[in-house]
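**Student:** Sharing a structure here in structure tokens format.
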Amino acid sequence: MYIKRLILFCLVLCSACKDRVESSLSTSNTESLILKYAKGFSVDYYDDYKVIHILQPWQGASKEFSYILISEEELAKTSFPKNTYDGIIINPLDRIVVTSTTHLPALELLEETKALVGFPGTDYISSNTIRQAIAAGNVRDLGQNESLNTEVLIELNPDVIVGFGVDEVNKAFSTAEKAGIPVIYNGDWVESSPLAKAEWLKLFGVLLNKEKQADSIFKRIEKNYIDAMQLAQQTKHSPTILSGAMHNDVWYLPKGSSTEAQLLKDAHTSYIWENTKGEGSLALSYETVLDKAKSADIWLNPSIFSSYTSLKDANQLYTNFEAFASKNIFTIANTKGETGGVLYYELGISRPDLVLKDIIKIAHPNLLPDYNFVFFKPLQQ
Amino acid sequence: MARIKTSFAFTFAMLSFVLLICFFINISLGSVQIPLDAILEILSGSSAPSTWKIIVLDFRLPKAITAILVGSSLGVSGLLMQTLFRNPLAGPFVLGISSGASLGVALVILGSGLFGGTLALAFVSKWSIVIASSLGSFLVLLAVLVVSQRVRDTMAILIIGLMFGSVTAAIVSVMSYFSSAEQLQQYVFWGFGSLSNLAWDGVGILSVIIIIGLILAIASIKSLNSLLLGDAYAKSLGLNLKQSRLIIIIATSLLAGGVTAFAGPIAFIGLAIPHLTRQIFKTTNHKLLLPAVCIFGAVVMLICDSIAQVPTTDYTLPINAITALIGAPVVIWLLTRQRKMIF
Chain A
6 MYIKRLILFC
16 LVLCSACKDR
26 VESSLSTSNT
36 ESLILKYAKG
46 FSVDYYDDYK
56 VIHILQPWQG
66 ASKEFSYILI
76 SEEELAKTSF
86 PKNTYDGIII
96 NPLDRIVVTS
106 TTHLPALELL
116 EETKALVGFP
126 GTDYISSNTI
136 RQAIAAGNVR
146 DLGQNESLNT
156 EVLIELNPDV
166 IVGFGVDEVN
176 KAFSTAEKAG
186 IPVIYNGDWV
196 ESSPLAKAEW
206 LKLFGVLLNK
216 EKQADSIFKR
226 IEKNYIDAMQ
236 LAQQTKHSPT
246 ILSGAMHNDV
256 WYLPKGSSTE
266 AQLLKDAHTS
276 YIWENTKGEG
286 SLALSYETVL
296 DKAKSADIWL
306 NPSIFSSYTS
316 LKDANQLYTN
326 FEAFASKNIF
336 TIANTKGETG
346 GVLYYELGIS
356 RPDLVLKDII
366 KIAHPNLLPD
376 YNFVFFKPLQ
386 Q
Chain B
62 MARIKTSFAF
72 TFAMLSFVLL
82 ICFFINISLG
92 SVQIPLDAIL
102 EILSGSSAPS
112 TWKIIVLDFR
122 LPKAITAILV
132 GSSLGVSGLL
142 MQTLFRNPLA
152 GPFVLGISSG
162 ASLGVALVIL
172 GSGLFGGTLA
182 LAFVSKWSIV
192 IASSLGSFLV
202 LLAVLVVSQR
212 VRDTMAILII
222 GLMFGSVTAA
232 IVSVMSYFSS
242 AEQLQQYVFW
252 GFGSLSNLAW
262 DGVGILSVII
272 IIGLILAIAS
282 IKSLNSLLLG
292 DAYAKSLGLN
302 LKQSRLIIII
312 ATSLLAGGVT
322 AFAGPIAFIG
332 LAIPHLTRQI
342 FKTTNHKLLL
352 PAVCIFGAVV
362 MLICDSIAQV
372 PTTDYTLPIN
382 AITALIGAPV
392 VIWLLTRQRK
402 MIF
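Those protein sequences? They're chains A and B, same order as listed.
For the first sequence, position 316 matches number 321 in the numbering used here, and the numbering has no gaps at all.
For the second sequence, position 283 matches number 344 in the numbering used here, and the numbering has no gaps at all.
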């Protein structure tokens, strides 16, 4: 009898808790963030808070993640059952840790770099503004290669960690979550088009309460991209493109549906493997590549090789391509920040318009006579 | 006696014939299908310049010759190690020679991440990898030998070799931890092994190294045969133990170190080929074993490479996976069939 009464009491208590949430937080969804290309996240606006859904944190993710972005006052007024959200983020954010260089341009575009307090592998960062912050000691290095230094991370105690992962297993992230630091997964890299990847800028707009700026910046990028694409389509000539290089015996090139291949198509070039299906990389043998691409007009991004000499030194076989003889090889590997980080890996995802213009400048130099390369450079001698 | 000799001659003739066939099959198979008459025309030098000509003469031919060099020298170095340590489990990998080579290569590729402040991304030159790898393998083998002078038990030597391997692996993993993704990638790919990374100049230098190693091995045949009977007996036969050991070690480090330097750590061949050869020839006489291991290693390597190319598809597989995948079941099958190991 006593136990029954206890259970009943608990039940009443639980339902009371629930009621309290519903009564204090308005549940009327006023609007959602408008996204034109990105499919990996969505944001719902309520009167007093925002809810961010990360739908695709990584390829083939079986669950989605929800985060509530709420002010401290509103949070004090309420409580909600555990596990409703994967993280409670206190709005506004003053201290942010991001984990990929691709997250940094968003902070810079939204003029919020001062919020950045930690980053793993600061040497990879090229941005001048952030390099100054690092020099001034405002950005702590959190270790190397995505194995975050948990102690420094917890000591920093950021308001949010913008992470990324290929699956849910990341020890440093789960320790941080246990310490009460929310980890939000950025899935920009999963998106399937250049503009969709760039649109993740709006996620940072939501986090930093700068939705309007994010929207107008993205619109500008989008317009630049489409204008450049239309400009490129005016030409009749469509040069053939070879990409990548060998790692030992295997030649890696982007597949036909990858964002890299889409950029090549939008620049009105004929990527030799444009008809292959799927994202990610093709792994081909030297014979196949030579057979199909010996006479390709242009060769982009031969891995990390920076000069014709290093290419030839690594493997004599590279010299058999006509693009090698005609010196038509261009690479992103030679445009680096002062500590060696490749600029493309930082800014390339956020600024597809600049990447596209670079490629158009390579393929159709007459179209953009006054434009200067941002990422690409001709291979050195 | 005479009959035994002719039967060996017959086996040798057969093996050489098989080698020739495998060599030709290897050259005619690949991702790009080239008809047989076109290949013959290219090999005879009468064809006009074409993509096919480049593929056959600059890609497949040096690769096939590299396969022969790699197979022969790994087989011989395995044989030398097994006899020197009188241990059937010995081979370049078990005694840490390849770990030494990996350490050397890791120091060159990953070292800048550890010692340099910024992200050094320069592609490490082929020759510095070759030198580092050879030095690393030589030093580790020397260390194993120095320690082995103090212990008499061959099993202890084996374990000491494994320990050296563990230490180098640990150092490599510490260095990996402090390296950039690109350096790490370069190092990992080196570990997959590759036969097609050498152009003709690389093949030339590797041949010179291997020929010197083989000459030293041939010069050691007599001492190898004496060593089979044990150190004491070998001494009583008038063998200068220290000197012949040193020669055998130099030969092995040239052969295994050279191959590892140019083609990466190719697994398994060094351990398996001597066993397979002993099973076929049913002898422990190095006068026969040495050339037999040479030819047999080349044959197996050519077959493995042909499989790794996955003919008629656009793909290739890492050679390192194929050697063990194909080789291990063959050794198991042979040992269970014969029920007796010849060693």
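Note that CB positions come from ideal geometry on N, CA and C, so glycine has one too.
Note down the Cα distance separating T336 of chain A from S134 of chain B, rounded to an integer number of angstroms.
**Tutor:** What you label residue 336 of chain A is simply residue 331 of the first sequence in a count that begins at 1. What you label residue 134 of chain B is simply residue 73 of the second sequence in a count that begins at 1. When rounded, the distance between both Cα atoms is 39 Å.
**Student:** Who are the near neighbours of Y90 of chain A in its chain, counting only those whose CB is closer than 7 Å to its CB and skipping five residues on each side?
**Tutor:** Position 85 of the first sequence holds residue 90 of chain A. Once the five neighbours on either side are set aside, the close Cβ partners of Y90 of chain A are S71, Y72, I73.
**Student:** CB-CB under 7 Å to L80 of chain B, same chain, minus the five flanking residues each way: which ones, in chain order?
**Tutor:** Within the second sequence, residue 80 of chain B is the residue found at index 19, counting from 1. Excluding sequence neighbours, L80 of chain B sits near I356, A359, V360.
**Student:** Tell me the DSSP secondary structure of T390 of chain A in three-state form.
**Tutor:** Residue coverage of chain A in this structure runs from 6 to 386, which leaves residue 390 of chain A outside it and unanswerable.
**Student:** What's the call for S37 of chain A, buried or exposed, on a 16-neighbour Cβ count within 10 Å?
**Tutor:** Walking along the first sequence from the start, residue 37 of chain A turns up at place 32. So S37 of chain A counts as exposed.
**Student:** Inspect the beta-carbon positions of G123 of chain A and L147 of chain A and report whether they are closer than 8 Å.
**Tutor:** Within the first sequence, the letter at position 118 stands for residue 123 of chain A. Within the first sequence, the letter at position 142 stands for residue 147 of chain A. Yes, these two residues count as a Cβ contact at 8 Å.
**Student:** Residues in the same chain with beta-carbon distance under 8 Å from S77 of chain B, minus the five sequence neighbours each way, listed in chain order, please.
**Tutor:** Taking the first residue of the second sequence as 1, we reach residue 77 of chain B at position 16. Here the set comprises I356.
**Student:** So, S287 of chain B versus I308 of chain B, is the Cβ gap smaller than 8 Å?
**Tutor:** Translated into the one-based positions of the second sequence, residue 287 of chain B becomes position 226. Translated into the one-based positions of the second sequence, residue 308 of chain B becomes position 247. No; because the gap between Cβ atoms is not below 8 Å, this pair is not in contact.
**Student:** What residues in the region 253-265 of chain A have a beta carbon less than 7 Å from any beta carbon of chain B?
**Tutor:** From the region 253-265 of chain A, only N253, D254, V255 have a Cβ closer than 7 Å to chain B.
**Student:** Just how far apart, CA to CA, sit G222 of chain B and F381 of chain A?
**Tutor:** Residue 222 of chain B sits at position 161 when you count from the first residue of the second sequence. Residue 381 of chain A sits at position 376 when you count from the first residue of the first sequence. Answer to the nearest angstrom: the Cα atoms are 49 Å apart.
**Student:** Kindly say whether K454 of chain A, judged by its beta-carbon, lies nearer than 8 Å to any beta-carbon of chain B.
**Tutor:** A question about residue 454 of chain A goes unanswered here, because the residues of chain A that appear run from 6 up to 386.
**Student:** In terms of alpha-carbon separation, which member of A:D363, A:T118, A:V103 lies closest to G126 of chain A?
**Tutor:** Here residue 126 of chain A refers to the residue found at position 121 of the first sequence. Per the Cα distances, A:V103.
**Student:** If the criterion is Cβ atoms closer than 8 Å, does the pair A328 of chain A and A272 of chain A meet it?
**Tutor:** By 1-based counting over the first sequence, the position of residue 328 of chain A is 323. By 1-based counting over the first sequence, the position of residue 272 of chain A is 267. No, the Cβ-Cβ distance between A328 of chain A and A272 of chain A is not below 8 Å.
**Student:** Which residue marks the beginning of the alpha helix (DSSP H) containing I39 of chain A, and which one marks its end?
**Tutor:** On the first sequence, position 34 is the one that residue 39 of chain A refers to. Note, I39 of chain A: premise wrong, no alpha helix (DSSP H); not H, not E.
**Student:** What residues in the region 318-332 of chain A have a beta carbon less than 8 Å from any beta carbon of chain B?
**Tutor:** Within the region 318-332 of chain A, the qualifying residues are D318, A319, N320, Q321, L322, N325.
**Student:** Using a Cβ-Cβ cutoff of 7 Å, what residues of the region 280-309 of chain A are near chain B? List them in chain order.
**Tutor:** Cβ contacts with chain B come from A288, L289, S290, Y291, E292, T293, L295, D296, K299, I309.
**Student:** Using the Cβ count rule (16 or more neighbours within 10 Å means buried), how would you classify M142 of chain B?
**Tutor:** Indexing the second sequence from 1 puts residue 142 of chain B at position 81. Answer is buried; the Cβ neighbour count reaches 16.
**Student:** Assign I365 of chain A to one of three DSSP states: helix, strand, or coil.
**Tutor:** Along the first sequence, one-based indexing puts residue 365 of chain A at 360. Of the three classes helix, strand and coil, the one that applies to I365 of chain A here is helix, per DSSP.
**Student:** Between A21 of chain A and chain B, is the shortest Cβ-Cβ distance under 8 Å, so that the two count as touching?
**Tutor:** As a working mapping, residue 21 of chain A is identified with position 16 in the first sequence. Residue confidence for A21 of chain A is low, a pLDDT of 47 falling below 50, so the modelled location carries little weight and cannot support an answer.
**Student:** Which same chain residues, not among the five before or five after Q94 of chain B, have their C-beta less than 7 Å away from its C-beta?
**Tutor:** Mapped onto the second sequence, residue 94 of chain B falls at position 33. Correct list, in chain order: T373.
**Student:** G265 of chain B versus chain A: which residues are under 8 Å apart at the beta carbon?
**Tutor:** In the second sequence, the residue the question calls residue 265 of chain B occupies position 204. Ordered by position in chain A, no residue passes the 8 Å Cβ test against G265 of chain B, which lies about 12 Å from the chain.
**Student:** In terms of residues, what are the limits of the alpha helix (DSSP H) holding P259 of chain A?
**Tutor:** Mapped onto the first sequence, residue 259 of chain A falls at position 254. No alpha helix (DSSP H) holds P259 of chain A; the beta strand (DSSP E) holding it covers 255-259.
**Student:** Using DSSP bridges, identify the partner residues of A288 of chain A.
**Tutor:** In the first sequence, the residue the question calls residue 288 of chain A occupies position 283. Paired residues: A:Y257.
**Student:** Thinking C-beta only, is I189 of chain A closer than 8 Å to V167 of chain A?
**Tutor:** Against the first sequence, residue 167 of chain A aligns to sequence position 162. Against the first sequence, residue 189 of chain A aligns to sequence position 184. In this structure, I189 of chain A lies closer than 8 Å to V167 of chain A by Cβ.
**Student:** Determine the direct distance from the alpha carbon of P153 of chain B to that of Y294 of chain B, and round the result to whole angstroms.
**Tutor:** Taking the first residue of the second sequence as 1, we reach residue 294 of chain B at position 233. Taking the first residue of the second sequence as 1, we reach residue 153 of chain B at position 92. For Y294 of chain B and P153 of chain B, the distance between alpha carbons rounds to 26 Å.
**Student:** Closest by CA to L121 of chain A, which one among A:L158, A:A181, A:N88?
**Tutor:** Start at 1 with the first residue of the first sequence, and residue 121 of chain A comes out as number 116. It is A:L158.
**Student:** Where does F73 of chain B fall in DSSP's three states?
**Tutor:** Residue numbering aside, residue 73 of chain B sits at position 12 when the second sequence is read from its first letter. Residue state, collapsed to three classes: helix.
**Student:** Measure from the C-beta of L180 of chain B to each C-beta in chain A and report whether the shortest distance is under 8 Å.
**Tutor:** By one-based count along the second sequence, residue 180 of chain B stands at place 119. Low per-residue confidence applies at L180 of chain B: pLDDT is 44, beneath 50, and the placement is therefore not dependable, though the value from the model is reported in the following sentence. Chain A, which has a Cβ nearer than 8 Å to the Cβ of L180 of chain B, makes this yes.
**Student:** Sort B:A162, B:V212, B:S138 by Cα distance to G254 of chain B and report the nearest one.
**Tutor:** Sequence index remark: in the second sequence, residue 254 of chain B carries index 193 (1-based). Cα-wise, what sits closest to G254 of chain B is B:A162.
**Student:** Given a limit of 9 Å on CB to CB distance, which residues of the region 370-403 of chain B reach chain A?
**Tutor:** Taking 9 Å as the Cβ-Cβ cut-off against chain A, the residues of the region 370-403 of chain B that qualify are Q370, V371, T374, D375, Y376, T377, L378, P379, I380.
**Student:** Reducing DSSP to helix, strand and coil, say where W278 of chain A ends up.
**Tutor:** As a working note, residue 278 of chain A is residue 273 in the first sequence. Note: W278 of chain A maps to coil in three-state DSSP.
**Student:** If you pair each beta-carbon of the region 348-363 of chain A with each one of the region 221-238 of chain A, do three or more pairs fall below 8 Å?
**Tutor:** Because the criterion of three Cβ pairs below 8 Å is met, the region 348-363 of chain A and the region 221-238 of chain A touch.
**Student:** Given this structure, state the Cα-to-Cα distance separating F69 of chain B from L351 of chain B, to the nearest angstrom.
**Tutor:** Locating residue 69 of chain B in the second sequence gives position 8, where the first residue counts as 1. Locating residue 351 of chain B in the second sequence gives position 290, where the first residue counts as 1. Each residue's Cα considered, the two are about 13 Å apart.
**Student:** If you follow the beta strand (DSSP E) that Q274 of chain B is part of, which residue opens it and which one closes it?
**Tutor:** The residue you call residue 274 of chain B lines up with position 213 of the second sequence. A quick correction: the sequence has Gly, not Gln, at residue 274 of chain B. Where G274 of chain B is concerned, there is no enclosing beta strand (DSSP E), although the alpha helix (DSSP H) it sits in stretches over 261-280.
**Student:** From P272 of chain B to I130 of chain A, what does the alpha carbon distance come to, in whole angstroms?
**Tutor:** One-based indexing of the second sequence puts residue 272 of chain B at position 211. One-based indexing of the first sequence puts residue 130 of chain A at position 125. Correcting the residue type first, residue 272 of chain B is Ile in the shown sequence and not Pro. Computed Cα separation, rounded: 49 Å.
**Student:** So T112 of chain B contacts chain A; which residues on that side make the cut at Cβ distance below 7 Å?
**Tutor:** The count along the second sequence starts at 1 and reaches residue 112 of chain B at position 51. Those are L295, D296, K299, listed as they occur along chain A.
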